[in-house]
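Note that the numbering used here gives residue 798 to position 148 of the sequence shown, counting from 1, and the numbers run on in steps of one.
Using N, Cα and C, we set each Cβ at its ideal position, and we do this for glycine too.
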Amino acid sequence: MGCVRGAMALWWLIMIIFIVRTRGDIYRDCLSSPIVDKNACKMIAESKLEGSILFTSGPAITEASSDFGGMVKSKPAAVLSPASKLIKIANASPNLTIAARGNGHSLSGQSLALNGVVLNMSSLRGIKIVKKGDGQSYADVKWGELWVNVLRAAQASGLSPKSWTDYIDLSIGGTLSNAGVSGQTYRYGPEISNVLQLEVVIGNANATKCSPENQPDLFYGALGGLGQFGIITGAQIILQRTYERV
Ligand SMILES: Cc1cc2nc3c(=O)[nH]c(=O)nc-3n(C[C@H](O)[C@H](O)[C@H](O)COP(=O)(O)OP(=O)(O)OC[C@H]3O[C@@H](n4cnc5c(N)ncnc54)[C@H](O)[C@@H]3O)c2cc1C
Numbered sequence: 651m652g653c654v655r656g657a658m659a660l661w662w663l664i665m666i667i668f669i670v671r672t673r674g675d676i677y678r679d680c681l682s683s684p685i686v687d688k689n690a691c692k693m694i695a696e697s698k699l700e701g702s703i704l705f706t707s708g709p710a711i712t713e714a715s716s717d718f719g720g721m722v723k724s725k726p727a728a729v730l731s732p733a734s735k736l737i738k739i740a741n742a743s744p745n746l747t748i749a750a751r752g753n754g755h756s757l758s759g760q761s762l763a764l765n766g767v768v769l770n771m772s773s774l775r776g777i778k779i780v781k782k783g784d785g786q787s788y789a790d791v792k793w794g795e796l797w798v799n800v801l802r803a804a805q806a807s808g809l810s811p812k813s814w815t816d817y818i819d820l821s822i823g824g825t826l827s828n829a830g831v832s833g834q835t836y837r838y839g840p841e842i843s844n845v846l847q848l849e850v851v852i853g854n855a856n857a858t859k860c861s862p863e864n865q866p867d868l869f870y871g872a873l874g875g876l877g878q879f880g881i882i883t884g885a886q887i888i889l890q891r892t893y894e895r896v
């Protein structure tokens, strides 16, 4: 019995040391980074962020310092796998900037954050095809998913989006924050005209569902909004029956 109690006590001691050490490390790393907001560093260290935050140099920082355009170099202080709490912290901080990064295929630095934090949106993917009556099917997609995967998943159910991009290695969040144009745009409009509903994390860290009927200002602001109105964390993309021949 004494042995079991001893083992339990040791386990808790290790856990406490681990938690204190982890928070201490995050705070130290943050202070030694170019993030100038000491208070933000304290809040980051104290909050239980979902996902991991990386301050030191490494491949993730290097990748997040540039985009497909290669014309702008903006080295962030940190890269984070998305965490709604950080959005709240940035909202409350006068200095801390954040930028969502879908697949980094912007050409002019839109997904970069000089001395701020880059949210690595590719960390969460997932597609659920919801098959309904004609014109009512949709793909329920997580923020970091790529169009190529949405097309594959839809096709497997005999469906396809109405509108996508010509180049399909782009993220849902990144293209819906622009417009998303292709050959189909002439017939069905851009991608942003073919969305039923969005989930957007706004400044207070709440994930908010919005649509043309529910919170239309947020819905139309986030679509084509370059991440300035919130972070798109989910989208319902309209699907239609796919043709065997075109
Ligand atoms: C080779 C190539 C081919 C392309 N082909 C096409 C095409 O066929 N059709 C077309 O329309 N465009 C095309 N583009 C342009 C492309 O659509 C945009 O650059 C798009 O934004 C890139 O998507 P991304 O996932 O890489 O987004 P990123 O470059 O990572 O992000 C784009 C913007 O959206 C913001 N953002 C990213 N994710 C989110 C999110 N979840 N919530 C809120 N904001 C977010 C970023 O902060 C940034 O402002 C192409 C670009 C390249 C380089």
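- Judged by DSSP secondary structure, Pro866 falls within the alpha helix (DSSP H) whose first and last residues are 866-872.
- Ser827 places its beta carbon 7 Å or farther from that of Gly766.
- Leaving aside the five residues that flank Ala750 on each side, the residues in its chain whose CB is nearer than 7 Å to its CB run, in chain order, Ser761, Leu769, Met771, Gly823, Gly877, Ile881.
- Distance from the CA of Asn844 to the CA of Pro684, rounded to the nearest whole angstrom, comes to 40 Å.
- When the alpha-carbon of Leu796 is set against those of Leu820, Asp816, Ser787, the nearest one is in Leu820.
- Gly794 and Gly752 do touch by the CB rule: their CB atoms are close to 7 Å apart, below 8 Å.
- Every unbroken stretch of the alpha helix (DSSP H) spanning 4 or more residues and falling wholly within the region 674-759 is given here in chain order: 688-696, 709-714, 734-742.
- Counting every other CB atom within 10 Å of its CB across the protein chains shown gives Thr815 a total of 16 or more, marking it as buried.
- Taking 8 Å as the upper bound for CB-CB distance, Ile737 and Val831 are not in contact here, some 28 Å apart.
- If the five residues before and after Ala803 are omitted, its C-beta is found closer than 7 Å to the C-beta atoms of Ile777, Ile779, Ala789, all from its own chain and listed in chain order.
- The Cβ atoms of Ile748 and Ala763 sit closer than 7 Å to each other.
- With a cut-off of 6 Å, the C-beta of Ala750 is classified as near ligand 1, since at least one heavy atom of the ligand falls inside that distance.
- Val767 has its CB no nearer than 6 Å to any heavy atom of ligand 1.
- The Cβ neighbour count for Pro862, taken over all protein chains shown within 10 Å, is under 16; the residue is labelled exposed.
- In the structure shown, the three-state DSSP call for Asn799 is helix.
- DSSP, reduced to helix, strand and coil, places Ile852 outside both helices and strands of the structure shown, so it counts as coil.
- Just so you know, the alpha carbons of Glu713 and Lys781 end up roughly 37 Å apart.
- In terms of Cα proximity to Leu809, the closest of Glu894, Asn745, Asn689 is Glu894.
- When the Cα atoms are used, Asp717 and Val791 turn out to be separated by approximately 24 Å.
- When secondary structure is reduced to three states using DSSP, Thr825 falls in the helix class.
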